[in-house]
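Here the numbering used here = 1-based position in the sequence shown + 27.
All residues carry an ideal CB built from backbone N, CA and C; glycine is no exception.
As the structure is a computational prediction, the values presented were derived from the model and not from experiment.
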Amino acid sequence: MLYENEISLPDELEVKLNATTSSEDEYQLKVSCYYVVNITRTLAFLTRPRDNEPFAETGTGRLMVRMRLAQDASYNTFYQEEDYPVVKYLKQPLHFEVELTRSSDPKVALMLDHCWATLNEDRDSRPRWNLIING
28 MLYENEISLP DELEVKLNAT TSSEDEYQLK VSCYYVVNIT RTLAFLTRPR
78 DNEPFAETGT GRLMVRMRLA QDASYNTFYQ EEDYPVVKYL KQPLHFEVEL
128 TRSSDPKVAL MLDHCWATLN EDRDSRPRWN LIING
């Protein structure tokens, strides 16, 4: 039995990594493994994490976000200020678009885990309504 796989580096990535050799062909590596049928072979390997991989430190703080309520799951049309209050049935899905604003770092991404609504700006006030749970 023959197992073959081809590994390649796309042209646009290669050009970014090595702009001086843009006239060369893209990088390709072909890997072939031959196996005798009905014989089992085992291969094991360990990888060591790289020391230079970026990581985010755990922290707390306040971020400025903009949240819009879409009329449906297509996110093409959003409710306007004059449409509020919007009437929805209990357990009916709400489709929110949330955008991080005033961030000077383009590498910062917004990942919502929990999101809730209150009657005023105090995030710990009651009553509280969960909008996103385990997002």
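Which residues does DSSP list as the beta-bridge partners of residue i?
i      : result
Gln55  : Ser35
Thr87  : Looking at the DSSP assignment, Thr87 forms no beta bridge with any residue, so it has no partner.
Thr145 : Arg155
Val92  : Leu127
Ala97  : Phe105 and His122
Using three-state DSSP, classify residue i as helix, strand or coil.
i      : result
Ser49  : For Ser49, the predicted model reports a pLDDT of 49, less than 50, meaning its position is unreliable; a value from the coordinates is still stated below. It is coil, neither helix nor strand.
Glu124 : strand
Gly162 : coil
Leu29  : strand
State yes or no: is the C-beta of residue i within less than 8 angstroms of the C-beta of residue j?
i      : j      : result
Leu96  : Leu127 : no
Tyr106 : Val113 : yes
Closest to residue i by CA distance: which of the options is it?
i      : options                           : result
Ala136 : Thr104, Ala144 and Val92          : Val92
Ala100 : Glu124, Ser35 and Asn32           : Glu124
Leu121 : Gln55, Glu84 and Met94            : Met94
Ser59  : Asn32, Ile160 and Thr87           : Asn32
Leu139 : Arg129, Gly162, Arg155 and Ser131 : Gly162
Gly88  : Ile159, Ser130 and Gln98          : Ser130
Trp143 : Arg153, Leu158, Asp110 and Lys57  : Leu158
Lys115 : Gly86, Glu108 and Gln98           : Gln98
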